[in-house]
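Going by my numbering, the first residue of the first sequence is number 37, and it counts up by one from there. Down below is the structure, laid out as C-alpha cells.
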Amino acid sequence: MIVASWNVNSIRARLERVLSWIDRTQPDVVCLQETKVVDADFPAAPFRERGYELALFGQKTYNGVAILSRLPLSEVRRGLDGETEARFLQACCGEHLVVCSVYVPNGGTVGSEAWHYKLAWLDRLCTYLATYATPETPWLLAGDFNVAPEARDVAFPEAWADSVLFHEEARRAFGRLLAWGLVDLVRQHHEGPGPYTWWDYRGLAFPKGDGLRIDHLLATPPVAARCMAAGVDRDERKGPKPSDHAPVWAKLQEL
DNA sequence: ATGGCATAATTGTTATGA
C-alpha cells in the first residue's frame with residue numbers, strides 16, 4: 037500500500053492537481069495539510085467517488101488537515117488535547133495502522149511569539165505521543181513539520197541556518213520525536229542530499245534548486261520495518277499553479 | 001534592509017506562510 041502526505045496550500049485552489057495526482061499514483065492513504073477550508077465546504081465528493089473515506093479537521097482561511105483513506109477510517113481524533121487550531125488529525129486506517137496528519141506551526145521569525153509557539157507545539161506533539169502511543173504500536177505521523185532536520189535536508193544550509201525551518205532549536209525539538217522512537221521513512225531509503233519537499237514561490241527557488249526537506253513520514257519501528265520504498269514526487273512542484281510543497285510517499289508491505 | 005509569490009478573506013489591503 038502507498039501512504040502519502042501533501043501540504044496542498046488550499047485544497048480548493050489545488051483540487052484538479054490533487055485529483056490528477058491521485059488518479060496517477062493511486063495512494064491508499066493521503067494526509068493533507070493547509071486545506072484552508074471549513075469541513076462543510078471541503079470538496080469531498082470527487083474523493084468519495086474515487087473510493088476514499090474522509091476524516092476532516094478544517095478551519096477558515098488558515099491551517100486545516102485531512103486524511104483520505106481507501107481503508108475504513110475509525111477512531112478519529114481532532115487536535116492535540118484541547119486544541120482548536122486545525123493542525124492535528126488522527127484516525128485508524130484499517131486494522132493495522134494509526135495515521136496522523138500533522139501541520140506544525142511555521143514559526144514566523146526566530147524569537148517571535150510564533151516561534152516560541154512552534155517549539156512548544158512540537159513538545160506538545162511529543163507529549164501526546166508519549167501519552168497515547170508506544171514505539172511498539174503501528175503509528176504513522178505524516179505531514180508538514182516545518183523543520184529540515186539536518187544539513188543534508190537543505191540545498192544551501194548556510195543560507196538557511198538562521199531561518200525558522202532550519203534553526204538548531206527547531207531541529208532539536210524535531211529530534212525529540214526521533215529520540216522517542218519515530219523513524220524517518222524517506223531517510224531510510226535516501227542518503228541525500230535531499231530529496232527536498234518545499235521550494236519558496238519567490239525568487240525562482242525551484243529552478244535554482246533552493247529546496248528544503250520539511251515534509252516527513254515518521255513511523256514507529258513496526259511500520260518502518262514494512263516500508264519497502266519512499267520518496268518525493270518532485271514533478272508536482274512543476275507546471276501551472278503548484279503548491280509550494282511536493283507530495284512525500286512511502287510504500288508499505290500489506291498486513 | 002527589504003521584497004519576492006501565493007492564498008483567503010474582500011474589492012484594497014492584510015495576515016500568514018516557509
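Glycine included, every Cβ here is placed at the ideal spot set by N, Cα and C.
First through last residue of the alpha helix (DSSP H) which encompasses residue i
{"i": "ALA195", "result": "193-196"}
{"i": "LEU104", "result": "Looking at the DSSP string, LEU104 is not in any alpha helix (DSSP H); the run it does join, the beta strand (DSSP E), is 101-105."}
{"i": "PHE124", "result": "No alpha helix (DSSP H) contains PHE124, which is instead part of the beta strand (DSSP E) from 124-129."}
Run of the beta strand (DSSP E) containing residue i, from where it starts to where it stops
{"i": "GLU89", "result": "89-93"}
{"i": "SER41", "result": "38-43"}
{"i": "SER110", "result": "109-114"}
{"i": "SER137", "result": "134-139"}
{"i": "LEU176", "result": "175-180"}
{"i": "SER279", "result": "That residue, SER279, is in no beta strand (DSSP E); it is neither H nor E in DSSP."}
{"i": "ALA265", "result": "263-268"}
Separation of residue j from residue i, as counted between CA atoms
{"i": "ARG113", "j": "ALA178", "result": "15 Å"}
{"i": "VAL200", "j": "SER148", "result": "10 Å"}
{"i": "GLY87", "j": "PRO229", "result": "36 Å"}
{"i": "TYR98", "j": "THR71", "result": "8 Å"}
{"i": "LEU125", "j": "ALA102", "result": "7 Å"}
{"i": "THR167", "j": "VAL259", "result": "19 Å"}
{"i": "TRP42", "j": "GLY267", "result": "12 Å"}
{"i": "LEU109", "j": "GLY211", "result": "30 Å"}
{"i": "TYR153", "j": "TYR164", "result": "16 Å"}
Three-state secondary structure (DSSP) of residue i
{"i": "ASP96", "result": "The sequence as given places Lys at residue 96; Asp does not occur at that position. DSSP places LYS96 in coil when its eight states are reduced to three."}
{"i": "GLY211", "result": "helix"}
{"i": "LEU253", "result": "strand"}
{"i": "LEU291", "result": "coil"}
{"i": "GLY239", "result": "helix"}
{"i": "GLU146", "result": "Just to set this straight, residue 146 is Val in the shown sequence, not Glu. Here VAL146 sits in coil by DSSP."}
{"i": "GLN62", "result": "coil"}
Proximity to residue i [Cα-Cα], best of the options
{"i": "LEU176", "options": "VAL146, TYR164, VAL134, THR163", "result": "VAL134"}
{"i": "GLU111", "options": "ARG123, LEU92, GLY100, THR97", "result": "LEU92"}
{"i": "GLU186", "options": "ASP251, LEU125, GLN126, GLY239", "result": "ASP251"}
{"i": "LEU288", "options": "ASP269, GLY275, ARG262, VAL268", "result": "ARG262"}
{"i": "ALA209", "options": "VAL73, TYR232, LEU155, ARG123", "result": "LEU155"}
{"i": "CYS129", "options": "PRO229, GLN224, PRO283, ALA40", "result": "ALA40"}
{"i": "PRO243", "options": "ARG273, PRO63, ARG106, LEU161", "result": "ARG273"}
{"i": "GLY143", "options": "GLY100, PHE202, GLU119", "result": "PHE202"}
{"i": "VAL146", "options": "SER137, ASP159, GLY115, VAL183", "result": "VAL183"}
{"i": "VAL284", "options": "ASP180, PRO174, GLU194, GLU52", "result": "ASP180"}
{"i": "ASP75", "options": "ASP59, GLY94, TRP57, ALA191", "result": "GLY94"}
Per-residue burial, residue i [other beta carbons within 10 Å of its own, 16 or more giving buried]
{"i": "TYR139", "result": "buried"}
{"i": "MET264", "result": "exposed"}
{"i": "ARG48", "result": "exposed"}
{"i": "THR256", "result": "buried"}
{"i": "LEU240", "result": "exposed"}
{"i": "PRO276", "result": "exposed"}
{"i": "PRO82", "result": "exposed"}
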